[in-house]
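Novice:
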Amino acid sequence: MEVIVIGNGVGGMSVASKMRGLDGNVTIEIYSDEPYGYYSRVWLPQL
């Protein structure tokens, strides 16, 4: 199975993680405008 995810925010990463859990052989491509990988913006003030 091949999955394309648009956006690497919470929703996109949740979908990718769930798909990987359902099928370890799934190919996942994630497209985003973000220059960096996913990070939790909620925790930024505590850094």
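Count along the sequence shown from 1, add 3, and you get the number used in the working numbering.
Where a beta carbon is used, it is the ideal one built from N, C-alpha and C, also for glycine.
It should be emphasised that the depicted structure is a prediction, and the values quoted were computed from it without experimental measurement.
(1) Can you look up residue 77 in the DSSP assignment and give me helix, strand or coil?
(2) Quick one: measure Cβ to Cβ for residue 11 and residue 35, integer angstroms, because I've assumed they're closer than 8 Å.
(3) Could you give the DSSP three-state label for residue 18: helix, strand or coil?
(4) According to DSSP, is residue 13 helix, strand or coil?
(5) How long is the line joining the alpha carbons of residue 19 and residue 27, rounded to whole angstroms?
Specialist: Reading from the atomic positions:
(1) Past the boundaries of the shown model lies residue 77; the chain is included only from 4 to 50, so the question cannot be answered.
(2) 4 Å
(3) helix
(4) helix
(5) 11 Å
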